[in-house]
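Residue numbers (our numbering): 861 to 1180.
Backbone N, C-alpha and C define an ideal beta-carbon position, used for all residues, glycine too.
Keep in mind that this is a model prediction, so the values were computed, not measured.
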(Lines of atoms letter the chains of each structure in order from A and count residues from 1; the text may use other names and numbers.)
(Lines give C-alpha, C1' and ligand atoms only; values in the text may rest on other atoms or scores of the structure.)
Protein backbone atom coordinates (compact mmCIF):
# COMPACT_ATOMS: atom_id res chain seq x y z
CA UNK A 1 0.00 0.00 0.00
CA UNK A 2 2.79 2.42 0.96
CA UNK A 3 4.69 1.57 -2.22
CA UNK A 4 1.63 2.38 -4.33
CA UNK A 5 1.08 5.64 -2.45
CA UNK A 6 4.67 6.82 -2.96
CA UNK A 7 5.12 5.44 -6.46
CA UNK A 8 6.88 7.49 -9.13
CA UNK A 9 3.59 8.00 -10.96
CA UNK A 10 1.90 9.50 -7.89
CA UNK A 11 4.92 11.69 -7.18
CA UNK A 12 4.86 13.06 -10.74
CA UNK A 13 1.12 13.75 -10.47
CA UNK A 14 1.66 15.48 -7.11
CA UNK A 15 4.39 17.73 -8.51
CA UNK A 16 2.25 18.57 -11.55
CA UNK A 17 -0.79 19.40 -9.40
CA UNK A 18 1.25 21.60 -7.05
CA UNK A 19 2.84 23.38 -10.02
CA UNK A 20 -0.55 24.20 -11.59
CA UNK A 21 -1.96 25.37 -8.24
CA UNK A 22 1.09 27.55 -7.45
CA UNK A 23 1.20 29.07 -10.94
CA UNK A 24 -2.45 30.14 -10.87
CA UNK A 25 -2.16 31.34 -7.25
CA UNK A 26 0.80 33.56 -8.21
CA UNK A 27 -1.09 34.93 -11.24
CA UNK A 28 -4.09 35.76 -9.03
CA UNK A 29 -1.85 37.42 -6.40
CA UNK A 30 -0.08 39.51 -9.07
CA UNK A 31 -3.39 40.65 -10.57
CA UNK A 32 -2.69 39.02 -13.94
CA UNK A 33 -5.91 37.04 -13.43
CA UNK A 34 -8.36 39.86 -12.69
CA UNK A 35 -11.88 39.50 -11.30
CA UNK A 36 -13.37 38.71 -14.73
CA UNK A 37 -10.82 35.99 -15.54
CA UNK A 38 -11.09 34.70 -11.97
CA UNK A 39 -14.86 34.32 -12.37
CA UNK A 40 -14.28 32.37 -15.59
CA UNK A 41 -11.62 30.22 -13.89
CA UNK A 42 -13.91 29.38 -10.98
CA UNK A 43 -16.78 28.55 -13.36
CA UNK A 44 -14.49 26.20 -15.31
CA UNK A 45 -13.39 24.43 -12.11
CA UNK A 46 -16.98 24.00 -10.91
CA UNK A 47 -17.87 22.63 -14.36
CA UNK A 48 -14.98 20.16 -14.07
CA UNK A 49 -16.53 18.69 -10.93
CA UNK A 50 -19.95 18.52 -12.60
CA UNK A 51 -18.54 16.94 -15.78
CA UNK A 52 -16.49 14.19 -14.10
CA UNK A 53 -19.38 13.33 -11.76
CA UNK A 54 -21.86 13.05 -14.64
CA UNK A 55 -19.34 11.09 -16.71
CA UNK A 56 -19.31 8.54 -13.90
CA UNK A 57 -23.04 7.99 -14.47
CA UNK A 58 -23.28 8.42 -18.25
CA UNK A 59 -19.87 7.42 -19.57
CA UNK A 60 -18.83 4.70 -17.12
CA UNK A 61 -22.16 3.21 -16.09
CA UNK A 62 -24.05 3.98 -19.31
CA UNK A 63 -27.08 5.56 -17.60
CA UNK A 64 -28.54 8.53 -19.48
CA UNK A 65 -29.24 11.02 -16.68
CA UNK A 66 -30.56 14.57 -17.06
CA UNK A 67 -30.99 15.30 -13.36
CA UNK A 68 -27.59 16.69 -12.46
CA UNK A 69 -28.81 20.28 -12.16
CA UNK A 70 -31.20 19.14 -9.41
CA UNK A 71 -28.40 17.73 -7.26
CA UNK A 72 -26.34 20.86 -7.89
CA UNK A 73 -29.31 22.97 -6.74
CA UNK A 74 -29.61 20.93 -3.52
CA UNK A 75 -25.95 21.54 -2.68
CA UNK A 76 -26.12 25.22 -3.61
CA UNK A 77 -29.18 25.99 -1.49
CA UNK A 78 -28.01 23.94 1.48
CA UNK A 79 -24.70 25.81 1.51
CA UNK A 80 -26.40 29.15 0.88
CA UNK A 81 -28.96 28.76 3.68
CA UNK A 82 -26.46 27.48 6.27
CA UNK A 83 -23.71 30.00 5.52
CA UNK A 84 -26.17 32.90 5.73
CA UNK A 85 -26.86 31.79 9.32
CA UNK A 86 -23.19 30.88 10.01
CA UNK A 87 -21.05 33.15 7.76
CA UNK A 88 -17.76 31.32 8.33
CA UNK A 89 -15.89 28.24 7.12
CA UNK A 90 -17.52 26.10 9.80
CA UNK A 91 -20.90 27.00 8.33
CA UNK A 92 -19.58 26.24 4.85
CA UNK A 93 -18.48 22.74 5.91
CA UNK A 94 -21.83 22.09 7.61
CA UNK A 95 -23.67 23.33 4.50
CA UNK A 96 -21.64 21.01 2.27
CA UNK A 97 -22.31 18.03 4.57
CA UNK A 98 -26.04 18.80 4.71
CA UNK A 99 -26.02 18.96 0.91
CA UNK A 100 -24.26 15.59 0.78
CA UNK A 101 -26.85 14.01 3.07
CA UNK A 102 -29.90 15.38 1.23
CA UNK A 103 -28.40 14.62 -2.20
CA UNK A 104 -27.61 11.05 -1.15
CA UNK A 105 -31.15 10.48 0.12
CA UNK A 106 -32.66 12.07 -2.99
CA UNK A 107 -30.37 10.01 -5.25
CA UNK A 108 -31.39 6.80 -3.48
CA UNK A 109 -35.08 7.69 -3.71
CA UNK A 110 -34.90 8.34 -7.45
CA UNK A 111 -32.33 5.68 -8.39
CA UNK A 112 -33.56 2.51 -6.70
CA UNK A 113 -36.91 2.38 -8.54
CA UNK A 114 -35.87 4.11 -11.78
CA UNK A 115 -32.44 2.68 -12.65
CA UNK A 116 -34.17 -0.46 -13.83
CA UNK A 117 -35.20 1.71 -16.77
CA UNK A 118 -32.88 2.35 -19.72
CA UNK A 119 -32.16 4.96 -22.36
CA UNK A 120 -34.76 7.64 -23.02
CA UNK A 121 -37.06 6.44 -20.24
CA UNK A 122 -34.37 6.99 -17.61
CA UNK A 123 -33.55 10.41 -19.09
CA UNK A 124 -37.21 11.48 -18.84
CA UNK A 125 -37.50 10.31 -15.21
CA UNK A 126 -34.28 12.05 -14.09
CA UNK A 127 -35.29 15.22 -15.95
CA UNK A 128 -38.64 15.17 -14.17
CA UNK A 129 -36.89 14.67 -10.83
CA UNK A 130 -34.65 17.68 -11.48
CA UNK A 131 -37.65 19.84 -12.31
CA UNK A 132 -39.44 18.68 -9.14
CA UNK A 133 -36.45 19.82 -7.06
CA UNK A 134 -36.37 23.20 -8.83
CA UNK A 135 -40.11 23.76 -8.36
CA UNK A 136 -39.90 22.76 -4.69
CA UNK A 137 -37.07 25.28 -4.19
CA UNK A 138 -39.11 27.90 -6.02
CA UNK A 139 -42.06 27.45 -3.64
CA UNK A 140 -40.34 27.02 -0.27
CA UNK A 141 -40.06 29.85 2.26
CA UNK A 142 -36.64 28.79 3.52
CA UNK A 143 -35.20 29.21 -0.01
CA UNK A 144 -36.95 32.60 -0.44
CA UNK A 145 -39.01 31.20 -3.31
CA UNK A 146 -38.62 32.58 -6.83
CA UNK A 147 -36.71 35.62 -5.56
CA UNK A 148 -33.80 33.37 -4.58
CA UNK A 149 -31.10 33.92 -1.99
CA UNK A 150 -28.79 36.93 -1.81
CA UNK A 151 -26.02 37.99 0.53
CA UNK A 152 -24.41 34.56 0.70
CA UNK A 153 -20.86 34.87 2.14
CA UNK A 154 -18.12 34.60 -0.46
CA UNK A 155 -16.13 31.78 1.15
CA UNK A 156 -15.01 29.76 -1.87
CA UNK A 157 -11.33 30.57 -2.42
CA UNK A 158 -8.92 29.29 -5.04
CA UNK A 159 -7.18 26.77 -2.68
CA UNK A 160 -10.55 25.35 -1.56
CA UNK A 161 -11.90 25.10 -5.10
CA UNK A 162 -8.70 23.56 -6.49
CA UNK A 163 -8.62 20.99 -3.68
CA UNK A 164 -12.27 20.12 -4.42
CA UNK A 165 -11.50 19.60 -8.11
CA UNK A 166 -8.50 17.36 -7.35
CA UNK A 167 -10.46 15.29 -4.81
CA UNK A 168 -13.41 14.92 -7.22
CA UNK A 169 -11.20 13.72 -10.07
CA UNK A 170 -9.35 11.31 -7.76
CA UNK A 171 -12.64 9.91 -6.40
CA UNK A 172 -14.03 9.34 -9.90
CA UNK A 173 -10.77 7.90 -11.26
CA UNK A 174 -10.35 5.52 -8.31
CA UNK A 175 -14.00 4.49 -8.56
CA UNK A 176 -13.47 3.54 -12.21
CA UNK A 177 -10.46 1.40 -11.25
CA UNK A 178 -12.20 -0.25 -8.29
CA UNK A 179 -14.35 -3.40 -8.31
CA UNK A 180 -17.62 -1.38 -8.44
CA UNK A 181 -16.15 0.65 -11.31
CA UNK A 182 -15.24 -2.48 -13.29
CA UNK A 183 -18.76 -3.80 -12.64
CA UNK A 184 -20.19 -0.48 -13.89
CA UNK A 185 -18.12 -0.75 -17.08
CA UNK A 186 -19.38 -4.30 -17.58
CA UNK A 187 -22.96 -3.01 -17.22
CA UNK A 188 -22.22 -0.31 -19.77
CA UNK A 189 -20.80 -2.83 -22.26
CA UNK A 190 -23.64 -5.35 -21.94
CA UNK A 191 -26.04 -5.22 -19.02
CA UNK A 192 -27.67 -8.58 -19.78
CA UNK A 193 -24.30 -10.37 -19.99
CA UNK A 194 -23.12 -8.68 -16.78
CA UNK A 195 -26.26 -9.77 -14.96
CA UNK A 196 -25.83 -13.31 -16.31
CA UNK A 197 -22.30 -13.35 -14.83
CA UNK A 198 -23.69 -12.54 -11.39
CA UNK A 199 -23.19 -8.76 -11.33
CA UNK A 200 -25.85 -7.01 -9.24
CA UNK A 201 -26.59 -4.37 -11.88
CA UNK A 202 -29.03 -2.30 -9.80
CA UNK A 203 -26.60 -2.13 -6.86
CA UNK A 204 -23.67 -0.81 -8.90
CA UNK A 205 -25.81 1.61 -10.89
CA UNK A 206 -27.17 3.04 -7.62
CA UNK A 207 -23.62 3.39 -6.21
CA UNK A 208 -22.43 5.30 -9.29
CA UNK A 209 -25.56 7.48 -9.24
CA UNK A 210 -25.15 8.38 -5.56
CA UNK A 211 -21.43 9.20 -5.93
CA UNK A 212 -22.21 11.41 -8.93
CA UNK A 213 -25.01 13.16 -7.01
CA UNK A 214 -22.75 13.89 -4.02
CA UNK A 215 -20.08 15.45 -6.23
CA UNK A 216 -22.72 17.53 -8.06
CA UNK A 217 -23.89 18.75 -4.65
CA UNK A 218 -20.29 19.72 -3.81
CA UNK A 219 -20.09 21.75 -7.03
CA UNK A 220 -23.34 23.51 -6.12
CA UNK A 221 -22.06 24.38 -2.63
CA UNK A 222 -18.87 25.91 -4.04
CA UNK A 223 -20.93 27.77 -6.65
CA UNK A 224 -23.19 29.31 -4.00
CA UNK A 225 -20.29 30.45 -1.82
CA UNK A 226 -18.50 32.13 -4.70
CA UNK A 227 -21.23 33.83 -6.72
CA UNK A 228 -23.21 34.64 -3.49
CA UNK A 229 -26.56 34.91 -5.36
CA UNK A 230 -28.89 31.97 -6.04
CA UNK A 231 -32.01 31.76 -8.17
CA UNK A 232 -34.06 28.69 -9.16
CA UNK A 233 -33.67 29.65 -12.83
CA UNK A 234 -29.94 28.88 -12.58
CA UNK A 235 -30.76 25.17 -12.27
CA UNK A 236 -33.15 24.53 -15.13
CA UNK A 237 -33.14 21.81 -17.79
CA UNK A 238 -30.59 23.88 -19.75
CA UNK A 239 -28.02 23.48 -16.95
CA UNK A 240 -28.30 19.68 -17.11
CA UNK A 241 -27.86 19.85 -20.89
CA UNK A 242 -24.77 22.07 -20.50
CA UNK A 243 -23.16 19.48 -18.21
CA UNK A 244 -24.10 16.63 -20.56
CA UNK A 245 -22.61 18.53 -23.50
CA UNK A 246 -19.26 18.76 -21.68
CA UNK A 247 -19.27 14.99 -21.12
CA UNK A 248 -20.11 14.22 -24.77
CA UNK A 249 -17.81 16.94 -26.12
CA UNK A 250 -14.80 15.58 -24.23
CA UNK A 251 -15.52 11.89 -24.58
CA UNK A 252 -17.67 9.55 -22.54
CA UNK A 253 -15.79 7.26 -20.19
CA UNK A 254 -12.68 9.45 -19.83
CA UNK A 255 -12.18 11.73 -16.81
CA UNK A 256 -9.30 13.50 -18.57
CA UNK A 257 -11.69 14.29 -21.43
CA UNK A 258 -14.26 15.81 -19.06
CA UNK A 259 -11.62 18.08 -17.51
CA UNK A 260 -10.38 19.14 -20.96
CA UNK A 261 -13.93 19.73 -22.26
CA UNK A 262 -14.77 21.95 -19.25
CA UNK A 263 -11.68 24.06 -20.00
CA UNK A 264 -12.33 24.31 -23.75
CA UNK A 265 -16.04 25.13 -23.40
CA UNK A 266 -15.34 27.59 -20.57
CA UNK A 267 -12.78 29.49 -22.67
CA UNK A 268 -15.08 29.35 -25.72
CA UNK A 269 -17.94 30.85 -23.70
CA UNK A 270 -15.65 33.58 -22.36
CA UNK A 271 -14.59 34.73 -25.83
CA UNK A 272 -18.14 34.49 -27.19
CA UNK A 273 -19.53 36.79 -24.50
CA UNK A 274 -18.93 39.79 -26.75
CA UNK A 275 -21.07 38.22 -29.48
CA UNK A 276 -24.30 38.23 -27.50
CA UNK A 277 -26.63 37.63 -30.46
CA UNK A 278 -24.42 35.09 -32.22
CA UNK A 279 -22.98 33.34 -29.19
CA UNK A 280 -25.44 30.45 -29.02
CA UNK A 281 -25.38 30.04 -32.82
CA UNK A 282 -21.57 29.79 -32.89
CA UNK A 283 -21.57 27.54 -29.83
CA UNK A 284 -24.21 25.23 -31.37
CA UNK A 285 -22.42 25.13 -34.74
CA UNK A 286 -19.15 24.16 -33.04
CA UNK A 287 -20.89 21.29 -31.28
CA UNK A 288 -22.59 20.11 -34.49
CA UNK A 289 -19.25 20.10 -36.34
CA UNK A 290 -17.71 18.23 -33.43
CA UNK A 291 -20.39 15.56 -33.60
CA UNK A 292 -19.94 15.21 -37.39
CA UNK A 293 -16.15 14.99 -37.54
CA UNK A 294 -15.35 13.63 -34.07
CA UNK A 295 -18.49 11.95 -32.68
CA UNK A 296 -16.56 10.15 -29.94
CA UNK A 297 -15.47 13.50 -28.47
CA UNK A 298 -12.08 15.18 -28.18
CA UNK A 299 -10.35 12.27 -26.45
CA UNK A 300 -12.97 9.56 -26.82
CA UNK A 301 -12.40 6.96 -24.10
CA UNK A 302 -8.63 7.68 -23.97
CA UNK A 303 -7.36 8.54 -20.49
CA UNK A 304 -4.29 10.64 -19.72
CA UNK A 305 -1.78 8.38 -17.99
CA UNK A 306 1.58 9.45 -16.56
CA UNK A 307 2.40 5.79 -15.92
CA UNK A 308 1.90 4.86 -19.59
CA UNK A 309 4.06 7.81 -20.68
CA UNK A 310 6.83 6.77 -18.26
CA UNK A 311 6.74 3.18 -19.56
CA UNK A 312 7.02 4.36 -23.17
CA UNK A 313 9.93 6.61 -22.23
CA UNK A 314 11.69 3.75 -20.46
CA UNK A 315 11.11 1.45 -23.46
CA UNK A 316 12.63 4.02 -25.83
CA UNK A 317 15.71 4.30 -23.60
CA UNK A 318 16.14 0.54 -23.58
CA UNK A 319 15.74 0.38 -27.36
CA UNK A 320 18.35 3.09 -27.80
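Skipping 5 residues on each side, what residues in its chain have a beta carbon closer than 6 Å to that of residue 983?
924, 926
Mapping the DSSP letters down to three states, classify residue 877 as helix, strand or coil.
helix
Run through the DSSP bridge pairs and tell me what residue 1009 is partnered with.
1090
Helix, strand or coil: which one does DSSP assign to residue 1112?
Here residue 1112 sits in coil by DSSP.
Straight-line CA distance for residue 938 to residue 912?
22 Å
Indicate the three-state DSSP secondary structure (helix, strand or coil) for residue 1098 in the structure shown.
helix
Going by DSSP, what residue range makes up the alpha helix (DSSP H) through residue 1135?
That residue, residue 1135, is in no alpha helix (DSSP H); it is neither H nor E in DSSP.
Residue 1070 to residue 1098, Cα distance in whole Å?
22 Å
Check each candidate in 1009, 1135, 1014, 879 and name the one with the smallest Cα separation from residue 951.
When only C-alpha atoms are compared, the closest one is 1014.
With DSSP as the reference, label residue 931 as helix, strand or coil.
helix
Can you give the Cα-Cα distance for residue 1154 and residue 947, rounded to whole angstroms?
47 Å
Which residue's Cα is closest to the Cα of residue 919: 1147, 1163, 1113?
The shortest Cα separation from residue 919 among 1147, 1163, 1113 belongs to 1113.
Which residue's Cα is closest to the Cα of residue 1008: 1093, 907, 960?
1093
What did DSSP end up calling residue 1018 once you bin it into helix, strand or coil?
helix
Can you give me the Cβ contacts of residue 1145 inside the same chain, cut-off strictly under 7 Å, excluding the 5 residues immediately before and after it?
Excluding sequence neighbours, residue 1145 sits near nothing in its chain.
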